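Note that the numbering used here has the sequence shown beginning at 411, numbered continuously upward.
Every residue, glycine too, gets a C-beta built ideally from N, C-alpha and C.
Computed from a predicted model, the values in this text were never measured in an experiment.
Step one of this worksheet: look at the structure below.
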Amino acid sequence: MNPQELKSILSSGLLSFPVTDFTAQGDFNRDSYIKRLEWLAPYGASALFAAGGTGEFFSLAASEYSQVIKTAVDTCATSVPILAGVGGATRQAIEYAQEAERLGAKGLLLLPHYLTEASQDGVAAHVEAVCKSVKIGVVVYNRNVCRLNATHLEQLAERCPNLIGYKDGLGDIELMVSIRRRLGDRFSYLGGLPTAEVYAAAYKALGVPVYSSAVFNFIPKTAMDFYHAISREDHETVGKIIDDFFLPYLDIRNRKAGYAVSIVKAGAKIVGYDAGPVRTPLTDLLPEEYEALAALIDKQGKQ
């Protein structure tokens, strides 16, 4: 799959990022991860991001990363494209990128470089180096310390033909509009704020109709129903699902930092696809929070 073919796939449909399965001892659980992917793939997501933020990329050792990507690629070879999360310092990100390409990933999601603050020029140089290290398509994730503006993204688009996507995790509407207007159809644009469904209607109005869904991990039918309601501008259905599920879900998610991942793993366990505990420094939901989430999920009916 060449970068332009990947761009076309990412320009419509719902995207998601499976959680990474761990045993009770915290080791990668390959068999459980395969079952998860086999369950999720038929629901109709356009692409899946393996070892992304919700997949706890930040906690994976290099050897584990290879296992996760290979397992995802092999399991979904005939069903759905796999993009691999990559990140960290430039040389580290390049190593991950080249390994993901070697293992057959169709593209990359370039996550922020984490702790170190850097200038726009420095971040752009980082992105360019990663893009030029591979031939597959790359989506850059503007979030946290990665805050590229329209000018630098335009320069990167000229220098890196395989930079085919922009994912926004900042929620800066002025910046989003400037990027969308400046770059036009050069990129596929993805909504990437945590619990993106809450922002989906607003982003669609900005020309960003595609987003990645975390709740697809445990209520995939509801996630797809919501996406289709957004697509056809069925405001009544959108409003009902937001009121009945997403607002009370956010109330749980927002109780502790890091719960954006923890609550998804809890949801997966509730519906019978236990992915094991989150790794430190994240913490799992408290029992009463788990029970509140279970009640919300039950209201969504059979998936």
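Whole-angstrom distance between Glu448 and Arg440, CA atom to CA atom: 12 Å
Where the beta strand (DSSP E) through Ser623 begins and ends: 620-623
Whether Ala704 touches Val429 by CB criterion (8 Å): no
Simplified DSSP state of Ile589, which is helix, strand or coil: helix
Test item: CB-CB of Ala560 and Leu593 under 8 Å: yes
In DSSP terms, what Cys556 is bridged to: Arg553
Supposed close pair Ala573, Val550 - CB separation, criterion 8 Å: Sequence check: residue 573 is Leu here, not Ala. Contact holds; Cβ gap of about 7 Å.
7 Å Cβ shell around Leu521 - same chain, five flanking residues per side excluded: Gly463, Phe467, Gly495, Val496, Gly497, Tyr551
Runs of alpha helix (DSSP H) wholly within the region 472-530 (minimum 4 residues, chain order): 472-485, 500-513
Residue burial classification, Lys751 (beta-carbon count within 10 angstroms, cutoff 16): With the chain running from 411 to 713 in the structure shown, residue 751 is simply not present.
The region 678-688 / the region 657-667 touching (three or more Cβ pairs under 8 Å): no
Limits of the beta strand (DSSP E) - the one that Ile574 falls within: 573-578
Closest Cα partner of Ala515 within the set His536, Val548, Gly649: In this structure, Val548 is the residue among His536, Val548, Gly649 with its C-alpha nearest to the C-alpha of Ala515.
Given 8 Å, three or more beta-carbon pairs between the region 591-605 and the region 530-543: Because the criterion of three Cβ pairs below 8 Å is not met, the region 591-605 and the region 530-543 do not touch.
DSSP-derived helix/strand/coil call for Ser426: strand
Any chain D beta carbon closer than 8 Å to Ala539: Looking at the structure shown, chain D is missing, and only one protein chain is on hand.
According to DSSP, residues forming a beta bridge with Leu458: Ser426, Ile492
Straight-line Cα distance separating His645 from Glu568: 39 Å
Closest Cα partner of Met634 within the set Gly575, His523, Ala482, Gly423: For the residues Gly575, His523, Ala482, Gly423, the minimum Cα distance to Met634 belongs to Gly423.
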